[in-house]
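Residue numbers (the UniProt record's numbering): 1 to 192. One structure is given below, encoded as structure tokens.
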């Protein structure tokens, strides 16, 4: 089974993806972890590296190529990244999108990273704008189009345990024989 977990920064992707992998005995692969490692290797913060990626498309393309390869060649994985659902395309069994209002996400990020909420909000806003621009330019992906996702949660409405329990129950209840068809992922240019 291939599950994808996507959403903006601070939406609970990592918490949920790790919990899903553990609950369902699947491997967890995090695009965010890979991206942060790449940023550190280049002596940049993730925000700086994100903005640098606007002028060096090899950064995104390398990361996305790796994630697409995992999605198309491996099974029993929870693949977590902003574009995981799009990159996995029809290879994914279940595509999940998590979100929360920017103020909630900024507070979570500020707490996690030990910074002021205003700074986290501004960095997050800049990061999201930067990424949305690149996704459209590189792959013709509109990150705001949630039509490809099977499960969509506003994680500010429920605690992390409740979100995880709901998603695990939904995934465990999935019966491929009863599946009348997932929304296809069309129009993406996998130009890595």
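We put the beta carbon where it would ideally sit given N, CA and C, even for glycine. All values reported here derive from a predicted model rather than from experimental measurement.
Here the stretch 129 to 148 lies against the stretch 83 to 90, with 3 or more beta-carbon pairs under 8 Å apart. Per DSSP, the continuous alpha helix (DSSP H) segment holding residue 165 begins and ends at 160 to 173. By the CB criterion at 8 Å, residue 26 and residue 78 fall inside the cutoff. The stretch 59 to 69 makes no contact with the stretch 113 to 130, as fewer than three CB pairs between them are under 8 Å. Between the C-alpha atoms of residue 72 and residue 61 there is a straight-line separation of about 16 Å. Boundaries for residue 79: no alpha helix (DSSP H) harbours it, while the beta strand (DSSP E) harbouring it runs 77 to 80, taken from the DSSP string.
Taking all protein chains shown into account, residue 108 has 16 or more neighbouring C-beta atoms within 10 Å of its C-beta and is therefore buried. Between residue 142 and residue 188, the C-beta spacing is not below 8 Å.
In this structure residue 164 is buried. Its beta-carbon is surrounded by 16 or more other beta-carbon atoms within 10 angstroms. Per DSSP, reduced to three states, the secondary structure at residue 154 is strand. The alpha-carbon of residue 16 is positioned some 32 Å away from that of residue 55. Contact check for residue 138 against residue 43 fails: the beta carbons are separated by 8 Å or more.
The straight-line gap separating the alpha-carbon atoms of residue 48 and residue 5 is approximately 24 Å. The residues 98, 99, 100, 105, 155, in chain order, have a CB closer than 7 Å to that of residue 11 in the same chain once the five nearest residues on each side in sequence are set aside. In the three-state scheme derived from DSSP, where H, G and I count as helix and E and B as strand, residue 122 is classed as helix.
At the C-beta level, residue 136 and residue 53 stay beyond 8 Å of one another. Looking at the backbone, the Cα of residue 178 and that of residue 113 are separated by about 43 Å. Rounded to the nearest whole angstrom, the C-alpha separation of residue 23 and residue 32 is 21 Å.
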